[in-house]
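Shown next, in structure tokens, is the structure this report addresses.
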Amino acid sequence: MQDVAIVSFVQSDCVRHAGAQNEVELIMPVVQAALKEAGLSSVQDVDFTCSGSCDYQQGAAFAFVAGVDALGAVPPIKESHVEMDAAWALYESWLKIQMGQAESALIYGFGKSSPGQLSNVLSLQLDPYYLAPLGVDTISLAAMQARSLLESGEVSEADLAEVVVNSRANAKNNPHAQLSGDFTVDQLLAEPETVSPLRKHDCCPISDGAAAMIICTVEKAKAMGKPYAVIKGIDHRIETHHVTLRDLSRSPSVEIAAEKAGVHDAPVDVAEIYAPFSHQEIIVKRALGLDDSVAINPSGGVLAGHLFMASGLSRVGEVAKRIIAGEYKRGVAHATSGPCLQQNMITVLEGM
Amino acid sequence: MSLESGSATDQQVEALSQKFTLGFTYTRSTGPVVGRFLSSLRDGKMVGVKGSDGRVIVPPVEYDPVTAEALSEFVDVADTGEVVNWCWVAEPTEHHPLSHPFAWGMVKLDGADTPILHAIDTQGDASQMATGMKVRVRWLDQAQGNIKDIVCFEPGDSSSGNVPQHDFEEPVVMMDAPTYLDYNYTAGNATARYLHQIRKGKIVGQKAPGGDFVYVPPRGSCPATGVATTEEVECADVATVESFTIVHIPIPGNPIKPPYVVANLLADGADVSFIHLLSEVDNDAVEIGMRVKAVWKPEEEWSYAMDNIRYWKPLENESDKGGK
Chain A
21 MQDVAIVSFV QSDCVRHAGA QNEVELIMPV VQAALKEAGL SSVQDVDFTC SGSCDYQQGA
81 AFAFVAGVDA LGAVPPIKES HVEMDAAWAL YESWLKIQMG QAESALIYGF GKSSPGQLSN
141 VLSLQLDPYY LAPLGVDTIS LAAMQARSLL ESGEVSEADL AEVVVNSRAN AKNNPHAQLS
201 GDFTVDQLLA EPETVSPLRK HDCCPISDGA AAMIICTVEK AKAMGKPYAV IKGIDHRIET
261 HHVTLRDLSR SPSVEIAAEK AGVHDAPVDV AEIYAPFSHQ EIIVKRALGL DDSVAINPSG
321 GVLAGHLFMA SGLSRVGEVA KRIIAGEYKR GVAHATSGPC LQQNMITVLE GM
Chain B
36 MSLESGSATD QQVEALSQKF TLGFTYTRST GPVVGRFLSS LRDGKMVGVK GSDGRVIVPP
96 VEYDPVTAEA LSEFVDVADT GEVVNWCWVA EPTEHHPLSH PFAWGMVKLD GADTPILHAI
156 DTQGDASQMA TGMKVRVRWL DQAQGNIKDI VCFEPGDSSS GNVPQHDFEE PVVMMDAPTY
216 LDYNYTAGNA TARYLHQIRK GKIVGQKAPG GDFVYVPPRG SCPATGVATT EEVECADVAT
276 VESFTIVHIP IPGNPIKPPY VVANLLADGA DVSFIHLLSE VDNDAVEIGM RVKAVWKPEE
336 EWSYAMDNIR YWKPLENESD KGGK
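Chain order of the listed sequences is A and B. Numbered according to the working numbering, the first sequence spans residues 21 to 372. Numbered according to the working numbering, the second sequence spans residues 36 to 359.
Here it is, written out as structure tokens:
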């Protein structure tokens with residue numbers, strides 16, 4: 021496998037309501053900024069473009085097609101889309117480069133969740149015979165996952181609150197974060213349970229926004245003369261669709277993906293974990309085999325702002341950004357999809 | 036890694052939002068495994084399937100989650116069992132099966148090795164919920180042949196003794212699976228600016244600075260270049276037919292009676308066409324290149340929508356362009 025360089029990453033602010041911005045108006049600023057940061061003048065300067073989004077979020081059929089209007093796709097470009105988080109659009113683009121079909125790619129993800137009720141929209145991804153008709157929502161499923169972890173006796177409610185305290189504190193340095201600030205574990209544990217055992221702060225906020233990234237071969241990155249981070253390994257794995265048949269307190273798919281992506285080949289000093297619920301950060305951190313010396317979610321993670329369909333790409337971008345800045349040497353980015361961490365992608369990043 | 040503020044959003048107008056419900060009124064075929072389970076529910080019986088490793092999976096799945104082997108050995112299990120996981124829903128939504136506070140629970144039925152997920156009703160009392168508690172199925176009185184034949188679980192060591200009634204003779208092979216999602220859609224900034232002009236009886240297209248193309252209606256960018264359409268260009272309510280079709284079949288939900296003409300219209304001053312209706316015309320006389328004029332609703336009926344124009348009719352005379 022050849023190394024692939026990340027030369028730019030841009031994310032919008034995480035806001036609860038983007039208001040009068042459609043998909044084109046959400047995508048255009050981040051794409052233009054990502055191109056500019058890479059020193060490129062237009063989308064015509066990359067070989068491939070791939071996006072990730074979900075039309076059910078805003079209830080607009082083919083919004084992902086309309087979104088292409090943001091790019092400047094005349095003359096026609098090579099373009100693709102995944103109905104998944106844009107982290108998987110990164111994976112498709114990475115494959116294109118591995119196959120020699122492209123030397124560079126633009127990846128973007130966008131999500132406007134504010135028009136709908138995200139936790140109900142996500143019921144549509146459940147088993148259509150046994151679960152979807154009951155209206156089982158994602159927060160309730162996550163709450164049961166949290167209980168399975170808590171009742172194992174190895175994790176306490178204070179551990180969950182600690183995750184939130186760290187997220188909000190780290191997010192103070194993230195200008196795009198929706199939630200940040202100084203809190204204490206005791207303060208958070210005094211809050212009522214909303215869907216027990218979860219409290220409101222254990223659940224990510226819902227955010228509108230977009231993110232974009234430019235990747236290319238290392239040769240091309242060197243020719244561009246821009247600083248970059250390198251994707252050393254990438255892998256994604258999925259577990260059964262039936263949540264009741266999984267041990268929700270652990271993540272075998274993260275364990276396998278981490279192994280295949282080479283997480284354990286050398287020490288890791290930073291990780292961005294896509295955990296929309298506080299307990300999921302603990303599950304993923306354990307499955308990655310990371311100890312307490314590793315900086316977890318310096319951006320605040322998705323508990324500080326959750327661009328559904330772009331947050332996985334943002335985890336990769338946040339790690340890349342910090343490696344480029346010289347803050348860390350070797351990092352892991354995690355992306356997830358499906359209920360209770362059903363599907364997971366692991367990317368290992370290093371400096372140039 | 037920062038964003039420059041987009042010039043399009045600097046031109047703020049009042050946001051326009053519209054509520055709507057999206058319905059997916061699907062009917063699903065069940066297949067033999069799920070169908071067997073749903074058929075049994077109608078008789079008040081729970082059934083599982085034996086997995087590759089011999090464990091009894093309830094509700095049954097078609098393929099083993101580990102080996103992917105096709106499964107077909109059905110096993111009867113009880114309608115009573117033990118709660119192995121749960122959460123408490125203090126504020127149920129209209130999508131939930133119970134309207135008062137309840138628990139979602141994973142219940143391992145007696146005779147099963149994997150849990151089934153359903154609601155548990157403790158009459159709103161969270162303190163009754165505990166992992167390990169014994170529960171039983173509360174059956175629907177009149178069975179339908181879907182998962183909701185189980186109303187919920189309720190505390191209890193033994194079966195309720197009530198079983199559903201039904202007069203179905205054939206096994207379940209299909210089930211209704213409608214889904215409804217509520218949205219409050221907000222138009223984008225470019226669209227909102229356009230609709231505010233339509234509200235005033237004006238067709239105002241947009242173009243990118245330095246661009247050649249005027250878009251009606253605008254969607255935020257010049258798609259060819261990816262540049263925001265920040266400049267406004269007023270177009271006439273006179274247009275040329277670029278293409279058309281005559282609709283002879285009724286479209287569900289459409290109030291217009293066929294046959295009628297739908298046309299791609301290029302407004303004077305615009306560079307891309309939009310779709311609208313033609314009327315006051317002999318359908319057989321419509322042709323590409325035909326000049327047409329908007330027929331507006333009375334001004335007091337104008338809203339933020341393209342149907343402020345009722346339809347378009349042939350332009351008798353090129354000098355007859357003014358007035359609404």
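Even glycine gets a Cβ: it sits at the ideal position worked out from N, Cα and C. Quick caveat: nothing in here was measured; it's all calculated off a predicted structure.
Distances from the alpha-carbon of A:THR158 to those of A:PRO296, A:ALA330 and A:ILE344 put A:PRO296 closest. Approximately 5 angstroms separates the beta-carbon atoms of B:TYR220 and A:PRO135; this is inside 8 angstroms, confirming the contact.
In the structure shown, A:ARG36 adopts coil according to DSSP, grouped into three states. Exclusion of the five residues before and after A:LYS246 leaves VAL27, ALA58 and GLY59 as the residues of its chain whose Cβ lies within less than 7 angstroms of its Cβ. The beta-carbon of B:TRP121 is placed less than 8 angstroms from the nearest beta-carbon of chain A.
Per DSSP, A:THR158 is one residue of the alpha helix (DSSP H) stretching across 158-170. In the structure shown, A:MET244 falls within a helical segment according to DSSP collapsed to helix, strand and coil.
Flagged as an interface residue toward chain A: B:MET141, by a C-beta distance shorter than 8 angstroms. Excluding sequence positions up to five before and after B:PRO94, its CB lies within less than 6 angstroms of the CB of PHE72 and ILE151, all in the same chain and listed in chain order.
Here the alpha carbon of A:LYS242 sits roughly 16 angstroms from the alpha carbon of A:ALA340. When C-beta distances to chain A are compared with 7 angstroms, the residues of the stretch 56-85 of chain B below that value are LEU57, ARG63, THR65 and VAL69, in chain order. Excluding five sequence positions before and after A:VAL35, the CB atoms of its chain that fall closer than 8 angstroms to its own CB belong to GLN198, SER227, ASP228 and GLY229, given in chain order. Our two residues, A:VAL183 and A:LEU265, have alpha carbons roughly 27 angstroms apart in a direct line.
Beta-bridge partners of B:LEU300 (DSSP): B:VAL276 and B:PHE309.
A:GLN137 reaches chain B at ASP217, counting residues in chain order whose Cβ is nearer than 7 angstroms.
The straight-line gap separating the alpha-carbon atoms of A:PHE203 and A:ALA291 is approximately 22 angstroms. Straight through space, the alpha carbons of B:VAL142 and B:VAL170 are spaced by roughly 8 angstroms. Taken in chain order, the complete beta strand (DSSP E) segments of 3 or more residues contained in the stretch 88-150 of chain A are 99-102 and 124-131.
A direct Cα-Cα distance of roughly 8 angstroms separates A:GLU112 from A:CYS70.
At the C-beta level, B:VAL124 and B:GLY83 stay beyond 8 angstroms of one another.
Using a 10 angstroms sphere on the CB of B:SER193, the tally of other CB atoms stays under 16, which defines it as exposed.
A straight-line Cα-Cα distance of about 22 angstroms links B:PRO127 and A:GLY358.
Counted as a single uninterrupted DSSP element, the beta strand (DSSP E) harbouring A:PHE68 occupies residues 68-72. B:LEU133 has its alpha-carbon roughly 54 angstroms from the corresponding atom of A:GLY346.
The beta carbon of B:ALA274 sits closer than 7 angstroms to the beta carbons of LEU300, LEU301, ALA302, ASP303, VAL327 and TRP347 from its chain, once the five residues preceding and following it are set aside; these are given in chain order. Beta bridge pairing from DSSP links B:LYS332 with no other residue. Boundaries around B:VAL239 are those of the beta strand (DSSP E), 238-242, since no alpha helix (DSSP H) includes it. For A:ASP23, the secondary structure class from DSSP, reduced to helix, strand or coil, is coil.
No Cβ-Cβ contact shorter than 8 angstroms links A:ASP311 with A:ALA277.
Only residues of its own chain outside the window of five on either side were considered, and among them TYR220 have a CB closer than 7 angstroms to the CB of B:GLN53, listed in chain order. Under the Cβ criterion of 8 angstroms, B:SER256 is counted among the residues facing chain A. As DSSP reads the structure, B:PHE109 sits in a beta bridge with B:VAL84. With a threshold of 8 angstroms between beta carbons, B:ALA225 makes contact with chain A.
For B:PRO190, the enclosing beta strand (DSSP E) has its first and last residue at 185-190. For A:VAL274, no beta strand (DSSP E) encloses it; the enclosing alpha helix (DSSP H) starts and ends at 272-281. In this structure, B:ALA225 sits near B:THR264, with a CB-CB distance shorter than 8 angstroms.
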